[in-house]
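Student:
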Amino acid sequence: MTDGNSFEVVFSGSGENLCKNTPIDAREFARKKSRAMIDKRMPLDEAIKKFVLDGEYLAIGGFGHIRIPMGTIYEIVRQKKKNLTVSGHTAVQDIDVLMAGKCVSGVEIAYVVGFELRGLSGVQRRQFESGEVKMTDYTNGTMSYRLRAGAQGIPFIPVNTMLGTDTMRHSPGKVVKCPFTGKKVLLLPSLNPDILIMHAHRADKYGNCQIDGHIVKDDLQARASKKIIVTCEEIVDTEVIRETPQHTVVPYFMVDAVIEQKWGSHPANMPYQYYFDNPFTEDYLTAGRDEDPEVMDKWLDEWVYCLDNFDQYLKKLGEERLKKLVDLEFLRGGN
Amino acid sequence: MTDGNSFEVVFSGSGENLCKNTPIDAREFARKKSRAMIDKRMPLDEAIKKFVLDGEYLAIGGFGHIRIPMGTIYEIVRQKKKNLTVSGHTAVQDIDVLMAGKCVSGVEIAYVVGFELRGLSGVQRRQFESGEVKMTDYTNGTMSYRLRAGAQGIPFIPVNTMLGTDTMRHSPGKVVKCPFTGKKVLLLPSLNPDILIMHAHRADKYGNCQIDGHIVKDDLQARASKKIIVTCEEIVDTEVIRETPQHTVVPYFMVDAVIEQKWGSHPANMPYQYYFDNPFTEDYLTAGRDEDPEVMDKWLDEWVYCLDNFDQYLKKLGEERLKKLVDLEFLRGGN
Amino acid sequence: MVEYTIKELMCIVAARQLEDNKSAAVGTGLPMASAMLAQQTQAPNLLIAFEAGGVAPQLPTLPISVGDSRTIHKALMATTLIDIMDIIGRGYIDYAFLGGAQIDKYGNLNSTMIGTNHNKPKVRFPGSGGANDFASMAWETMIIMDRHSPRRFVEKLDFLTTPGYLDGPGSREEWGLFPDTGPSRVITDICLLDFHPKTKVMRLIKTHPGITIDDVKKATSFELEIADEVGINDPPTKEELRLLHEVIDPNGLIFPH
Amino acid sequence: MVEYTIKELMCIVAARQLEDNKSAAVGTGLPMASAMLAQQTQAPNLLIAFEAGGVAPQLPTLPISVGDSRTIHKALMATTLIDIMDIIGRGYIDYAFLGGAQIDKYGNLNSTMIGTNHNKPKVRFPGSGGANDFASMAWETMIIMDRHSPRRFVEKLDFLTTPGYLDGPGSREEWGLFPDTGPSRVITDICLLDFHPKTKVMRLIKTHPGITIDDVKKATSFELEIADEVGINDPPTKEELRLLHEVIDPNGLIFPH
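Chains as they are written, first to last, in our numbering: chain A, 423 to 757; chain B, 423 to 757; chain C, 62 to 318; chain D, 62 to 318.
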């Protein structure tokens, strides 16, 4: 070890890294998983009981109102999981329902509180503004970069963003000069969530998953996370996967549980299958914005606690309503 | 800037970074390219004249004997380009022909000289062992990681490989302790090649490219490189690209020239289209292994210099021979 | 005379700022509508990229989200969020097109919180989303601020979410942000601003019809630069309004009929 | 008695080392054939991944390259080289399966050059390829060396391309390589070796039929550890040979008929 150079840290942020896993922890975890093709189908409630533990760090697939695993979210609330730390990578209705159900004690934020064009969430504002939920701010890009580092198994990654801002000051990032070029970059710690919940277009019973359209970040989240619960619109034969291997986003050996859950992203948008259920989300937002928190509790009673599972939720929605979302997706009959 | 920490460099390698571009140079270059959809079709010889300049750093798409842009390689040799530095990311017949044509003065090596199961190359051994071609050694993984950094626009990237080996000692890498976890990692400089030559299954005339099967590294090379020349088996209407946007590996605005060149990877393997022309490669290797370098010069005369273009090369090969490679690919009539 | 709302005017003025043959990464709402309008007018070759992975879609209608399936409808590429960020980092995106809750004289934006304690904000906003990434790495940042008022155009932000020129000339470079980047335009409900090339302070260049320079000064808590000749933005043309209502937002998502 | 070649024996002995329900990233040639044979025998659930992006193909025949189209034939995933590297870095690959030109007592490999001057090697070999990455990040490294001789089993490598235990116990960890990783088996044309758990020096555990301990010592330039009981590798069974010739390599690419 011949050189005594050093590499100056010109700034250190004050934020806390809310995920305590290192890439080495994630490796040890991966080592114990079988590489065999095992049938991983199980009821959703069983999967949540087994794999989502109080106090864990949760990553959620999809983006905003797109391809988010809402069926799984409702089940986590139904089981009253506690003290989850959530990766808030454009987190919208997914995190909102979790927070309404009092499941969340910390969030690493890129985008929360907002429902994009639909305005702000009352539920999230109350919990963040009261200080009861811990926050560390990042950006959508840097949350992805942290996952990329976690997927690679490296403990940190340089980025060209956040530099000079309060977003940086309140993060755990450190600014250093590149030892090759002298350019300043921000180093951020990698991210290895305990568990990823995601919703795919199709999977086989072993967990090989395919997604249609933009992958957004599910590929990185899957590679970075220790455990994965996949719901999908359809469970297909492995031969279907083998016909288009280029289309596989997550290989089976990373996956712990597979559940067929048609409409599993409702009220969100499943590209090429169904569009947003906008009135449903508006009603939900309105309940959350009511000054009386019991209004939201009543919503949860009606749509989560009083139902045994997601199939009952779908029954309650009714076929007509769901069919209309398919028409909307295919631009039949207005936006 | 509040903190005076530093970040110890415990080792610095002695190797030279043979690519002088920084991510900032690559950005400035990208800024000048039009974002308009412009017809970029042109004859291959014109593209090479215009975009491949003596002394540049060249990246080559594909891997080993798979999906390499041989038509473009032959044209570079035909035009007697000089002093290219080549990214040798499992470089086999592609780099061999360039070196036989005396086009190469430096190589960043992950894998060279070998033709996998077919043994070593006489051409490359002579040029590397005489010291006439500069070498810096890396690995296949680290060459990809350097490209990923170049694609992200960061000047360096941490990796978990090469540590403690002579491969590391002879690289420009630096070993540091992670400022978050204390784990040692190797930092390598990012890579932004001057030019990428690649061969795709299909592209439109603007340069939107799709590849079938494993992408290997063409996606990263495209994002990292300043200029791109694409040859493809087929030029398709843009509507074809728009039908499966998930399948697009390189978007048009990165691309400088598009050339339809059926069989453009011969004698290599184009997945789902044609298999290796093994006898062709064996004959080529035999010529290169001859102690008399004129034997290789004769091969080049016959297959490159005496032909005006790749179409003449295909004519010389004959339809029967090419058709057989399709049969081999689809496992009709033996390996 | 053509009737129009201020929101329509803002969208149209913003669209007019975008040059042809350039590229834009756009946020939800007005930025998206402006970029789409520019494609229909002076910038037919404007490349639009969406944060969630959609590149150059043929948008059948205004997307409600930067990730929704409209953003990949007949797109040239449907990729990942990190790929879009890399593409911006590599210098392929000319315009970052954003909004915010507060802005300061150097074009820095707050979309994180109101209050003084980050752990217990008075009002919690969404945070950066992709805004900080876009404004850090794209060549230019275009900003739409929908209410120009002293509480939003402030001397000091409650939280600096997204970088403008940070502490002024040279400050972006000092922190390691890419050279020759930063905000170039601010479009508000009363005016159009750019940034003084030397001081990097926001500069009034055009007011909206009926607004005076003094109105703008009063609506701004910090001291603005004022261009030597302050122009007046042309009101929307009939064609611009038609495109907005019939082509861009036929369902009245942003611009109700 | 069954007739066999030494190459066949090496491939078969190597295959026998692979446990079921594990995963292997394999190089060209013997490693690939061994992993395929293990799938046909004691390790039907062995996951095979190829450097160029093929994961769990249904190999119709022996691929000639780690990237050729056979390696994605009816695969579960066809991805990128960097994704395979990431998957290894994340701990999903149990066996790196490699060869080399020289090896030292700590299982370090040279596949780069013979000579003393890196800029002007006496013999230039291919270099690392993916070998260094595999051996750095997979849990175990299995090594096949096709000629066990003093010039190949050396005290000091001409170039340390790919890490074994580097300078001995603790050395991998000191350089930052992942804990609890390193070479576990060496299969040669005369014997089978592992590594002493304390000293990390290569240890003879089984000879091939007809080979003595002394033969192995003479073929090795460094001082080997010798297991308390050195066994003898069982010769190939008829079934193993049948699988090799009829199922794995029917075209005689590696094992001519």
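The beta-carbon is built from N, C-alpha and C at its ideal position, and this holds for glycine as well.
Relative to the alpha-carbon of K267 (chain C), which residue among C:G292, C:F186, C:E300 has its alpha-carbon at the smallest distance?
Tutor: Here residue 267 (chain C) is taken as the residue at index 206 of the third sequence, counted from 1. If we check each option's Cα against that of K267 (chain C), C:G292 comes out closest.
Student: Please compile the residues from chain B whose C-beta is within a distance smaller than 9 angstroms of the C-beta of L120 (chain C).
Tutor: Reading the third sequence from its first residue, position 59 is the one you call residue 120 (chain C). Result: empty, since nearest Cβ-Cβ is about 12 angstroms, beyond 9 angstroms.
Student: With DSSP as the reference, label Y727 (chain A) as helix, strand or coil.
Tutor: One-based indexing of the first sequence puts residue 727 (chain A) at position 305. Looking at Y727 (chain A) - three-state DSSP - the assignment turns out to be helix.
Student: DSSP state of L466 (chain B), grouped into three classes?
Tutor: As a first step, residue 466 (chain B) is located in the second sequence; it is residue number 44 there, counting from the start. Three-state result, L466 (chain B): helix.
Student: Which residues share a DSSP beta bridge with D559 (chain B)?
Tutor: For the purposes of this step, residue 559 (chain B) is taken as residue 137 along the second sequence, with counting starting at 1. B:I531, per the DSSP bridge assignment.
Student: Look at L285 (chain C) and R303 (chain C) and say whether their C-beta atoms are less than 8 angstroms apart.
Tutor: On the third sequence, position 224 is the one that residue 285 (chain C) refers to. On the third sequence, position 242 is the one that residue 303 (chain C) refers to. Against a cut-off of 8 angstroms, the Cβ pair of R303 (chain C) and L285 (chain C) comes out as no contact.
Student: Does the beta-carbon distance from S126 (chain C) to G483 (chain A) come in below 8 angstroms?
Tutor: As a working note, residue 126 (chain C) is residue 65 in the third sequence. As a working note, residue 483 (chain A) is residue 61 in the first sequence. By the CB criterion at 8 angstroms, S126 (chain C) and G483 (chain A) fall outside the cutoff.
Student: How many angstroms separate the CA atom of L466 (chain A) from the CA atom of T666 (chain A)?
Tutor: Position 44 of the first sequence, counting from 1, holds the residue named residue 466 (chain A). Position 244 of the first sequence, counting from 1, holds the residue named residue 666 (chain A). One alpha carbon belongs to L466 (chain A), the other to T666 (chain A), and they sit about 27 angstroms apart.
Student: In this structure, how does DSSP classify V63 (chain D) when only helix, strand and coil are distinguished?
Tutor: Indexing the fourth sequence from 1 puts residue 63 (chain D) at position 2. Correct three-state label for V63 (chain D): coil.
Student: What residues of chain C sit near F575 (chain B), judged by a beta carbon separation below 9 angstroms?
Tutor: As a first step, residue 575 (chain B) is located in the second sequence; it is residue number 153 there, counting from the start. Reading off the sequence, residue 575 (chain B) comes out as Gly, not Phe. Within 9 angstroms Cβ-Cβ: D147, I149, G150, R151, G152, M198, F239.
Student: Is T424 (chain A) close to chain D? Criterion is C-beta to C-beta, closer than 8 angstroms.
Tutor: Start at 1 with the first residue of the first sequence, and residue 424 (chain A) comes out as number 2. With a pLDDT of 36 at T424 (chain A), under the threshold of 50, the predicted position of this residue should be treated as unreliable, though the coordinate-derived value follows. No, because no Cβ of chain D sits closer than 8 angstroms to the Cβ of T424 (chain A).
Student: Anything in the stretch 82-95 of chain C with a Cβ closer than 8 angstroms to a Cβ of chain B? List those residues in chain order, please.
Tutor: N82, K83, S84
Student: May I have a chain-ordered list of the beta strand (DSSP E) segments no shorter than 3 residues that lie completely inside the stretch 207-260 of chain D?
Tutor: 243-248, 252-256
Student: Less than 8 angstroms between the beta carbons of D559 (chain B) and I576 (chain B), yes or no?
Tutor: Stepping through the second sequence from its first residue, residue 559 (chain B) is reached at position 137. Stepping through the second sequence from its first residue, residue 576 (chain B) is reached at position 154. Taking 8 angstroms as the Cβ cut-off, D559 (chain B) and I576 (chain B) do not qualify as a contacting pair.
Student: Taking C-alpha atoms, which residue in A:V677, A:C654, A:A690, A:R664 lies nearest to Q683 (chain A)?
Tutor: Position 261 of the first sequence, counted from the start, is the residue given in the question as residue 683 (chain A). Comparing Cα positions, the closest option is A:C654.
Student: Can you tell me the Cα-Cα spacing of V671 (chain B) and D634 (chain B), whole angstroms?
Tutor: To locate residue 671 (chain B), count along the second sequence from 1; it is residue 249. To locate residue 634 (chain B), count along the second sequence from 1; it is residue 212. Their Cα atoms are separated by approximately 10 angstroms.
Student: Is the separation between the beta-carbon of V555 (chain A) and that of G528 (chain A) shorter than 8 angstroms?
Tutor: In the first sequence, the residue the question calls residue 555 (chain A) occupies position 133. In the first sequence, the residue the question calls residue 528 (chain A) occupies position 106. The answer is yes: Cβ separation under 8 angstroms.
Student: If I'm right that N691 (chain A) touches I488 (chain A) with Cβ under 8 angstroms, what's the distance once you round it to whole angstroms?
Tutor: Locating residue 691 (chain A) in the first sequence gives position 269, where the first residue counts as 1. Locating residue 488 (chain A) in the first sequence gives position 66, where the first residue counts as 1. Confirmed, about 5 angstroms.
Student: With DSSP as the reference, please indicate the residues paired to P611 (chain A) in a beta bridge.
Tutor: Your numbering for residue 611 (chain A) matches position 189 in the first sequence. In the DSSP assignment, the residues bridged to P611 (chain A) are A:F578.
Student: Is F433 (chain B) helix, strand or coil when you go by DSSP?
Tutor: On the second sequence, residue 433 (chain B) is found 11 positions in, with the first residue counted as 1. It is a strand residue.
Student: Please classify F316 (chain D): does DSSP put it in a helix, a strand, or coil?
Tutor: Position 255 of the fourth sequence, counted from the start, is the residue given in the question as residue 316 (chain D). Three-state result, F316 (chain D): coil.
Student: With a threshold of 8 angstroms between beta carbons, is L159 (chain C) in contact with chain B?
Tutor: The count along the third sequence starts at 1 and reaches residue 159 (chain C) at position 98. Chain B contact via Cβ: absent.
Student: Mapping the DSSP letters down to three states, classify M423 (chain A) as helix, strand or coil.
Tutor: As a working mapping, residue 423 (chain A) is identified with position 1 in the first sequence. With a pLDDT of only 36 at M423 (chain A), under 50, the local geometry of the prediction cannot be trusted, and the value read off the model is given with reservation. Coil at M423 (chain A), not helix or strand.
Student: What do you get for G271 (chain D), buried or exposed, if any count of 16 or more other CB atoms within 10 angstroms of its CB means buried?
Tutor: Indexing the fourth sequence from 1 puts residue 271 (chain D) at position 210. G271 (chain D) is exposed by the Cβ-count criterion.
Student: Pick out whichever of C:F111, C:G90, C:E307, C:T173 has its Cα sitting closest to the Cα of S189 (chain C).
Tutor: Looking up residue 189 (chain C) in the third sequence gives position 128. Minimum Cα distance to S189 (chain C) is reached at C:T173.
Student: With a 10 Å radius around its C-beta and 16 neighbouring C-beta atoms as the bar for buried, classify T564 (chain A) as buried or exposed.
Tutor: Working through the first sequence from its first residue, we reach residue 564 (chain A) at position 142. Flag for T564 (chain A) reads buried.
Student: Name the DSSP beta bridge partners of R185 (chain D), please?
Tutor: Working through the fourth sequence from its first residue, we reach residue 185 (chain D) at position 124. D:M174, per the DSSP bridge assignment.
Student: Which residues in chain B sit within 7 angstroms of V116 (chain C), going by Cβ to Cβ distance?
Tutor: For the purposes of this step, residue 116 (chain C) is identified with residue 55 of the third sequence, where counting begins at 1. Simply P673.
Student: Can you list, in chain order, the residues of the stretch 620-654 of chain A whose Cβ is nearer than 9 angstroms to any Cβ on chain B?
Tutor: Flagged, chain order: I633, D634, G635, H636, I637.
Student: Do S84 (chain D) and A113 (chain D) have their C-beta atoms closer together than 8 angstroms?
Tutor: Here residue 84 (chain D) corresponds to residue number 23 of the fourth sequence, with the count starting at 1. Here residue 113 (chain D) corresponds to residue number 52 of the fourth sequence, with the count starting at 1. No, the pair does not count as a contact, with Cβ atoms beyond the cut-off.
Student: Just to make sure I have the definition right: I need the residues of chain A whose C-beta is within less than 8 angstroms of the C-beta of P224 (chain C). Which are they?
Tutor: On the third sequence, position 163 is the one that residue 224 (chain C) refers to. Correct list: L585, G586, T587.
Student: Using the DSSP secondary-structure output, state which residues sit across from T708 (chain A) in a beta bridge.
Tutor: Position 286 of the first sequence, counted from the first residue, corresponds to residue 708 (chain A). Answer by DSSP bridge pairing: none, since T708 (chain A) is not bridged.
Student: Does any residue of chain A have a CB that is nearer than 8 angstroms to the CB of R303 (chain C)?
Tutor: As a working mapping, residue 303 (chain C) is identified with position 242 in the third sequence. Taking Cβ atoms only, chain A never reaches closer than 8 angstroms to R303 (chain C), which makes this a no.
Student: Since I believe L120 (chain D) is in contact with R131 (chain D) (beta carbons under 8 angstroms), could you give me their beta-carbon distance rounded to a whole number of angstroms?
Tutor: Position 70 of the fourth sequence, counted from the start, is the residue given in the question as residue 131 (chain D). Position 59 of the fourth sequence, counted from the start, is the residue given in the question as residue 120 (chain D). So it is a contact: roughly 6 angstroms between Cβ atoms.
Student: What is the rounded straight-line gap between the Cα of L722 (chain B) and the Cα of D699 (chain B)?
Tutor: Working through the second sequence from its first residue, we reach residue 722 (chain B) at position 300. Working through the second sequence from its first residue, we reach residue 699 (chain B) at position 277. Looking at the two C-alpha atoms, the distance is approximately 17 angstroms.
Student: What span of residues does the beta strand (DSSP E) with G292 (chain C) cover, start to end?
Tutor: One-based indexing of the third sequence puts residue 292 (chain C) at position 231. According to the DSSP assignment, G292 (chain C) belongs to the beta strand (DSSP E) that extends over 286-293.
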